[in-house]
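Here's the structure we're looking at; comments come further down.
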Amino acid sequence: MLQIRDLLLKSEKLKASAKNNTVKDFEFSYFDDIDDALIEGLSQNQDFFSLLLSNDEIKRQVLGIFTDEIYQSLRSA
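Take the sequence shown: its position 5, counting from 1, is numbered 8 in the working numbering, and each next residue is one higher.
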């Protein structure tokens, strides 16, 4: 999961969203970009990433824990 977090932290789109939005508004961009990060990292952990890509509820529960951390990191970057 930390690999996914690192991929999301590198996103320029998310960085711009964090700087220009509240955390609630940032969540929309965050959850939109998760699939891109999962696809980018798919080759490194295919089973886990495939599970997340195929199940939106699990994806939101598992990766939702990083929303505030990523928002704060990107906002202050």
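Think of the CB as a built atom: it goes at the ideal place given N, C-alpha and C, for glycine as much as any other residue.
A direct Cα-to-Cα measurement between Asp39 and Phe29 gives close to 16 angstroms. A straight-line Cα-Cα distance of about 14 angstroms links Tyr74 and Asp35. A contact is defined here as three or more CB-CB pairs under 8 angstroms, and the region 8-23 fails this definition with respect to the region 45-58. Less than 8 angstroms divides the Cβ of Leu41 from the Cβ of Leu56. Annotated three-state conformation of Ala80 is coil, per DSSP.
If you draw a straight line from the Cα of Ile7 to the Cα of Lys13, it comes to about 10 angstroms.
Taking all protein chains in view, the Cβ of Ile68 is surrounded by fewer than 16 other Cβ atoms within 10 Å, so the residue is classified as exposed.
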